[in-house]
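Here the structure comes first, spelled out in structure tokens, and everything after it is commentary.
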Amino acid sequence: MIPEIGTLALLIALVLAVLQSVFGLVGAHRNDAVWMRATSSSTVAVFLFVLLAFIVLAYGFVVHDYSIEYVAHNSNNELPLIYRIAAVWGAHEGSLLLWVLILSTWALLVSRLSKGLPDVFRTRVLGTLGLVGVGFLAFTTLTSSPFTRLLPAPLDGADLNPILQDPALAAHPPMLYMGYVGTSVAFAFAVAAMLSGRMDASWSRWTRPWTVAAWMCLTLGISLGSWWAYYVLGWGGWWFWDPVENASFMPWLASTALIHSLAVTEKRGLFRNWTLLLAIFAFSLSLLGTFLVRSGVLVSVHSFAADPSRGLFVLGLLLFFIVGSLTLYAIRAPSLQSEGGFAPVSRESFLLLNNALLVAAAGLILLGTLWPLVMDSFNLGKISVGPPYFNTVFLVPTLPLVALVGVGMHSTWKRASYASKGRPLALMAIIGLVLGALVAFVCYGRYGLPLTIIGFGGGFFLMASALWQPLARLVRRQAQPRAALGMAVAHFGIGLFVIGVSGVASYKIEKDVSMGPGDTATIAGYTFRFESSKDVVGPNYLAREAQVAITRDGAPVAALTTQKRQFKIQNNPTTHAGIDVAWNRDLFVALGDELGAGKWSLRLQYKPLVRYIWLGGVFCALGGLIAILDRRYRGGIVEPVHPTDTETAAATGEG
Amino acid sequence: MMKSPVSAVATALLIGWVGTAGAIDPSAAFADPALQARYEHLTNELRCLVCQNQTIADSNASLAGDLRREVREMIARGDTEAQIKDFLTARYGDFVLYDPPLSARTLFLWAAPGLFVLLTVGVVVRTVIRRARQPIDADDSEESA
Amino acid sequence: MWRYFTPAIAFLLLGALFAVALVRIENGTMDPRAIKSPLLGKAAPTFVLPTVTEPSRPFDSAVLKGHPYVINVWGTWCPACREEHSALLVIARRAGIPFIGIDWKDDRQQAQQYLGQLGNPYTETVADDEGRVAIDWGVYGAPETFLVGADGQVLVKFAGALTEAIWAEKFAPFVQGGG
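In order, the protein sequence lines correspond to chains C, S and H. Taking the numbering used here, the leading residue of the first sequence gets 1, the next gets one more, and so forth. Taking the numbering used here, the leading residue of the second sequence gets 1001, the next gets one more, and so forth. Taking the numbering used here, the leading residue of the third sequence gets 2001, the next gets one more, and so forth.
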């Protein structure tokens, strides 16, 4: 009977979500205190019932209840406990349940942590989130119930997809969904503002920490996914421009733009329409990602079992929320026009330019992802748009962005003067480029790619520029405003990321070799020696494990093991690479196939600076965290900030 | 091999993931580094047709192995990149090229980077010009609104 | 005023694109995974390959010149081939044109055993051990079936397990007498 409890819990949650949205939207409209209180209570109740459903499903996995079809398809008697739990979100139905759970968690957090918000406004936000919940709970219960029975129950399950059996992948989807679904909060804030027709500086101040929190999760989620792909898929790449990756990257770009646009709206009351539009876009792109991954319209490495009828349902949701909110926008936007000037060289201009380039980047990714679908849908032929396209075109908007960030960080509101800052900035840029050239020629001995030195130079410039103000405050023993510090840390992270990408793209070395015990191969001065190999028995797989010793100029560097696992049920091999990590490079060994006569194929890789890609992501997220902890976000309705002069504005400013 | 209802869905799921273990191609590298570089460049731009969403350099599928061999032989024979791509598109269509060639169908795709940046930056320039004409310091009421 | 509706209209257009794609996938007129063969309407590739039954006797596709024929790419390792096999036996018997099997990257002995057990629908079965002929035909998965007309042009290509219904719909109209 336990699975039926899950079904029932989801149905109750659906009914409660309907109440949450009706109480929320109508209650706020009528300004009815009882209804508004009921909104908060139903928000909590929705969360509890979704959590119950989630626990029921997890319990089904833990006790091997194969009478639940979803468990039978995604688990196995020999699957270790941690992966049985991660298997809850290992396929379509369960991951949708996680989606809904995270949505209700965000709603719960908004209702608990926004006591300072005006009741009417908070209620509208919760009502909007309730409506999103209704849509996705209906989707889950009507088309994708994870509790469907399979009778008679099989004795054993079909096992979880082997490549999902990895610790990083246990953490990647929840984190990514926290970010993905978190964009719904900014969306709900936007809808609430449009419903009330009022949007003032405090609106931006309420919206910002939630947006930054979701953005942080999205940043970490994407970084985790990239790291996982790097070492689990065994081919050593960190980004493939796969539709599913693009689906998570587009909301990230839109959220990044939104964070910056919110800064202007908060400080100057400008660009309100644009900020609303970005809040809608960020959520729309999340929904679009959900659609692309689950409808089967695009072929992807990671896509779930395709099902056009589910696709139609998500498309319906997509159109309802996006076109609905955009229509509301079209009605409200004319009255939200704001007046106020700024000089051509000012923080406003820089942030606007940042938004333009980020939106152009997101648009390019959207176009590249969907173009094959456009061609196919109208019988214009099958084409592929892949990494060669994206790698090239993505640089068009983002390369100038790196330079702009470095300069724009030091601008001030209304009117910025670079009289005292121009010279140090120019110096930093020149030193950055010289340093970049030095790294290229001294450390790696060659020019690399056409943009290598620009990449290194831009990265160094960005890092130096980000550190400048915090260091100056440190020297002058001034306090560090959290928002400004957060901005510096996040931009420093972007600099790290740029350096990592430049390094690995320009100087990576990959070599596929055939090796038997005692054989050696040398790349980038490191000698890899195949020591031995043996069979290993895992809980639900058999593996061949190879020991590889690495030396440099005769001195030992590392001893790595790499496995090729053959899973018993799904009969699908996975490669577990051996990786030696150092501050300036990864050495990567992946075991391939047995070639006979004791020889094995191995892929040896030298990945300079690759860690800075993910470290950059961690710094970005850390910057977001620091910014959220800024004093003015605590306790809800805070006294608005009155910058007395441009200097204090710059000190508390962020962008 | 498996109980049938289970296997049907497992297969459906598997299709999306087949061959995800990376291919390792230990066939002897070209003695000439320029040829090896051309080989690596090409195989990393060709889409595997079996597993899709992987390059033939990365794919473990048997067909990807055959295509790598075909590319290797053509390079060794001195064929140009264009000749090799023609050979493959004659058999598999443009789908095999991850780098979509410029044609009427992809004109917008390749014009888009310039267009999008011009468009968005154009909007910025227009806005900045408009805002620069407005009074700059007379709007403190906005901030405390 | 109307410019504020631009984003809503843009998303509606995007929604229309997705609706078209979904409907076409649902009614089977579009498959994101299928690759349209550029060989259609072009001359069929020629080949000389050893036969499965008598490896010493090569088969030259030139002998098929001037007649319509079917090429079916299969392998004993391919579950969908096993699935279509019984339908193939019926179709080949009724169609009355040569059916050439290309046994793709397979083991000869297993292939002989397979045909012995399940019945042999093919006029000739050739072994493409290295997969080169399969590449010439643009094969990306097994089973795949081609119909070549009397003029030597490729008329139809179908990827996936053949059924009598699919044959009747896609192939039969091109075969004299309807197959």
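Even glycine gets a Cβ: it sits at the ideal position worked out from N, Cα and C.
Where residue i falls, given that 16 or more other Cβ within 10 Å makes a residue buried
{"i": "Glu1073/S", "result": "exposed"}
{"i": "Ala1010/S", "result": "Note that Ala1010/S has pLDDT 30, beneath the 50 cutoff, so the model's placement of it is unreliable and the number below is only indicative. It is buried - the Cβ of Ala1010/S has at least 16 other Cβ atoms within 10 Å."}
{"i": "Leu10/C", "result": "buried"}
{"i": "Arg585/C", "result": "buried"}
{"i": "Pro556/C", "result": "exposed"}
{"i": "Trp1083/S", "result": "Reading the sequence as shown, one finds Gln at residue 1083/S and not Trp. It is exposed - the Cβ of Gln1083/S has fewer than 16 other Cβ atoms within 10 Å."}
{"i": "Ile1129/S", "result": "exposed"}
{"i": "Asn2027/H", "result": "exposed"}
{"i": "Asn77/C", "result": "exposed"}
{"i": "Phe619/C", "result": "buried"}
{"i": "Asp2060/H", "result": "exposed"}
{"i": "Ala2142/H", "result": "buried"}
{"i": "Gln1052/S", "result": "buried"}
{"i": "Phe1108/S", "result": "exposed"}
{"i": "Cys443/C", "result": "exposed"}
{"i": "Gln563/C", "result": "buried"}
{"i": "Leu1102/S", "result": "exposed"}
N-terminal and C-terminal residue of the beta strand (DSSP E) that residue i is part of
{"i": "Thr551/C", "result": "Tyr541 to Arg552"}
{"i": "Ala2172/H", "result": "No beta strand (DSSP E) contains Ala2172/H, which DSSP labels as neither H nor E."}
{"i": "Leu2162/H", "result": "Taken as a continuous stretch (DSSP letters only), Leu2162/H belongs to no beta strand (DSSP E), as it is neither H nor E."}
{"i": "Asn2072/H", "result": "Tyr2069 to Trp2074"}
{"i": "Lys511/C", "result": "Ile509 to Met515"}
{"i": "Asp1032/S", "result": "First-last for Asp1032/S: undefined, no H or E at that position."}
{"i": "Gly448/C", "result": "That residue, Gly448/C, is in no beta strand (DSSP E); it is neither H nor E in DSSP."}
{"i": "Asp376/C", "result": "Where Asp376/C is concerned, there is no enclosing beta strand (DSSP E), although the alpha helix (DSSP H) it sits in stretches over Arg347 to Ser377."}
{"i": "Trp2104/H", "result": "Phe2099 to Trp2104"}
{"i": "Phe528/C", "result": "Tyr526 to Val537"}
Nonlocal neighbours in the same chain, by C-beta distance under 7 Å from residue i, ignoring five residues either side
{"i": "Trp99/C", "result": "Phe136, Tyr177 and Val181"}
{"i": "Ser184/C", "result": "Leu103, Trp106, Leu129, Val132 and Phe283"}
{"i": "Ala2165/H", "result": "none"}
{"i": "Thr7/C", "result": "Ser145 and Phe147"}
{"i": "Leu51/C", "result": "Leu101"}
{"i": "Arg1077/S", "result": "none"}
Close Cβ partners of residue i (< 6 Å) along its chain, the five nearest in sequence each way excluded
{"i": "Thr2076/H", "result": "Asp2106, Gln2110, Ala2111 and Tyr2114"}
{"i": "Trp2167/H", "result": "Ile2091"}
{"i": "Phe49/C", "result": "Ala9, Ile12 and Ala13"}
{"i": "Leu318/C", "result": "Leu287 and Phe291"}
{"i": "Ala660/C", "result": "No information on residue 660/C is available, as it lies outside the stretch 1 to 655 that chain C covers here."}
{"i": "Ala1021/S", "result": "Below a pLDDT of 50, predicted positions are generally treated as unreliable, and Ala1021/S, at 49, falls in that range; the measurement from the model is reported next regardless. So the qualifying residues of the chain are Asn1060."}
{"i": "Ile383/C", "result": "Pro372 and Met375"}
Delimiting residues of the alpha helix (DSSP H) encompassing residue i
{"i": "Arg84/C", "result": "Leu81 to Ala86"}
{"i": "Lys564/C", "result": "Premise fails: Lys564/C lies in the beta strand (DSSP E), Ala555 to Phe567, not in any alpha helix (DSSP H)."}
{"i": "Trp252/C", "result": "Pro243 to Arg268"}
{"i": "Leu319/C", "result": "Pro308 to Arg332"}
{"i": "Thr183/C", "result": "Pro167 to Ser196"}
{"i": "His73/C", "result": "Glu69 to Asn74"}
Chain-order list of residues whose beta-carbon lies under 8 Å from that of residue i (same chain, five-residue window excluded)
{"i": "Leu542/C", "result": "Asp535, Val536, Arg565, Gln566 and Lys568"}
Heavy atom of the ligand COA within 7 Å of residue i beta-carbon
{"i": "Val359/C", "result": "Absent from the structure shown: the ligand COA. Ligands present: none."}
Review point. Which residues, in order along the region 1090-1105 of chain S, keep a beta-carbon less than 8 Å from a beta-carbon of chain C?
Key: If you check each beta-carbon in the region 1090-1105 of chain S against every beta-carbon of chain C, the ones closer than 8 Å belong to Gly1093, Asp1094, Phe1095, Val1096, Leu1097, Tyr1098, Asp1099, Pro1100 and Arg1105.
Review point. When the Cβ atoms of the region 494-507 of chain C are set against those of the region 441-449 of chain C, are three or more pairs found closer than 8 Å?
Key: The region 494-507 of chain C is in contact with the region 441-449 of chain C.
Practice item. Mind checking the region 310-339 of chain C against chain S and listing, in chain order, the residues whose C-beta falls within less than 7 Å of any C-beta there? Key: If you check each beta-carbon in the region 310-339 of chain C against every beta-carbon of chain S, the ones closer than 7 Å belong to Ser338 and Glu339.
Point to revise | Under 7 Å (Cβ pairs) to chain H, residues found in the region 1033-1054 of chain S | key: The residues in question are Leu1049, Val1050 and Gln1052.
Check your understanding: Listed in chain order, which residues of the region 601-618 of chain C have Cβ atoms closer than 9 Å to some Cβ of chain S?
Key -> Within the region 601-618 of chain C, those residues whose Cβ lies closer than 9 Å to any Cβ of chain S are, in chain order, Ser601, Leu602 and Arg603.
Practice item. Please list the residues of the region 136-153 of chain C that have a C-beta atom closer than 7 Å to any C-beta atom in chain H, keeping them in chain order. Key: Of all residues in the region 136-153 of chain C, none has a C-beta nearer than 7 Å to a C-beta of chain H.
Check your understanding: Using 8 Å as the threshold, is the region 265-283 of chain C in touch with the region 1105-1122 of chain S, meaning 3 or more CB pairs across them?
Key -> Touching, no, given that fewer than three Cβ pairs across the two stretches are closer than 8 Å.
Review point. Looking at C-beta atoms only, is the number of pairs between the region 53-66 of chain C and the region 144-152 of chain C that lie closer than 8 Å three or more?
Key: With the cut-off at 8 Å, the region 53-66 of chain C and the region 144-152 of chain C touch.
Check your understanding: Given 8 Å as the limit, is there contact between the region 2068-2088 of chain H and the region 2018-2032 of chain H, that is, 3 or more CB pairs closer than that?
Key -> No, because fewer than three Cβ pairs between the region 2068-2088 of chain H and the region 2018-2032 of chain H fall closer than 8 Å, the two stretches do not touch.
Check your understanding: Is the region 59-71 of chain C touching the region 24-43 of chain C in the sense that three or more CB pairs, one from each, lie closer than 8 Å?
Key -> Result no; under three Cβ-Cβ pairs closer than 8 Å.
Exercise for review: Quick one: which residues of the region 2134-2148 of chain H get their C-beta closer than 7 Å to a C-beta of chain S? List them in chain order.
Suggested key: For the region 2134-2148 of chain H, which is checked against every Cβ of chain S, the residues closer than 7 Å are Ile2135, Asp2136, Gly2138, Tyr2140 and Gly2141.
Exercise for review: With 7 Å as the C-beta to C-beta threshold (strictly closer), list the residues of the region 198-218 of chain C near chain S in chain order.
Suggested key: So the close ones are Asp200 and Ala201.
**Study point:** Near-chain C residues of the region 2011-2039 of chain H (beta-carbon distance less than 7 Å), N- to C-terminal order
**Key:** Answer set for the region 2011-2039 of chain H: Phe2011, Leu2012, Gly2015, Leu2017, Phe2018, Ala2019, Val2020, Ala2021, Leu2022, Arg2024, Ile2025, Glu2026, Met2030, Pro2032, Arg2033, Ile2035 and Lys2036.
Check your understanding: Are the region 457-477 of chain C and the region 421-435 of chain C touching, with three or more C-beta to C-beta distances below 8 Å?
Key -> When Cβ pairs closer than 8 Å are counted between the two stretches, the region 457-477 of chain C is seen to touch the region 421-435 of chain C, the count reaching three or more.
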